[in-house]
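Under my numbering, the sequence shown is numbered contiguously, ending at residue 131.
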Amino acid sequence: MNVIIVSGGKGTRVRPLTNEIPKTMIEVYGKTVLESQIEIYRNCGITDITVVTGYQSEKINLPNITCIKNEKYETTNVNEGIFCAKSKFNDSVIITYGDIIFDQEILEQSLNFKGDIGVVIDLDWKK
Numbered sequence: 005m006n007v008i009i010v011s012g013g014k015g016t017r018v019r020p021l022t023n024e025i026p027k028t029m030i031e032v033y034g035k036t037v038l039e040s041q042i043e044i045y046r047n048c049g050i051t052d053i054t055v056v057t058g059y060q061s062e063k064i065n066l067p068n069i070t071c072i073k074n075e076k077y078e079t080t081n082v083n084e085g086i087f088c089a090k091s092k093f094n095d096s097v098i099i100t101y102g103d104i105i106f107d108q109e110i111l112e113q114s115l116n117f118k119g120d121i122g123v124v125i126d127l128d129w130k131k
């Protein structure tokens with residue numbers, strides 16, 4: 005199982021928090037959003053984790069994580085970022101945005117999914 009975390013955007017809607025760091029490196033309760041995601045993946049036994057970077061990519065430096073920079077991040081979208089990591093598509097893969105916070109239970113439930121393609125959606129997001 006591979007995980008691709010897309011983390012290349014500038015985070016302009018949360019400025020000034022992202023003037024110097026990527027959105028995934030914003031701290032929430034003492035950990036960055038990215039660190040929290042990685043911890044959850046590792047707790048579930050997933051260790052092959054790739055982060056696709058772009059804006060302020062040098063600020064993402066975490067142990068045992070593969071980073072791939074989308075060199076075209078300024079002029080492309082998330083799809084281009086995902087395809088930067090296409091070498092990881094040879095196994096089951098989870099693709100997630102790097103700026104979301106989720107509980108470990110959500111990942112555990114999605115790992116039990118038996119279909120070919122699944123999408124996790126928070127129906128209460130706007131409430």
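Backbone N, C-alpha and C define an ideal beta-carbon position, used for all residues, glycine too. This one's a predicted model, so the numbers in the text were calculated from it and none came from an experiment.
Checklist line | Residues near residue 97 in its chain [Cβ-Cβ closer than 8 Å; skip 5 each side] | finding: 5, 6, 7 and 8
Next item on the list: Report buried or exposed for residue 67, applying the criterion of at least 16 other Cβ atoms within 10 angstroms of its Cβ.
Entry: exposed
Next item on the list: Below 7 Å CB to CB, which residues in the same chain sit around residue 84 once its five sequence neighbours on both sides are set aside?
Entry: 74 and 76
Check: When we look at the beta-carbon of residue 22 and count the other beta-carbons within 10 Å, is it buried (16 or more) or exposed?
Finding: buried
Next item on the list: Would you list the one or two residues that DSSP bridges to residue 35?
Entry: 32
Notebook entry, point to check: For residue 14, which residues of its own chain have a beta-carbon under 7 Å away from its beta-carbon, when the five flanking residues on both sides are left out?
Noted result: 22 and 59
Checklist line | Cβ neighbours of residue 63 in the same chain (closer than 7 Å, five flanking residues each side left out) | finding: 25, 26 and 29
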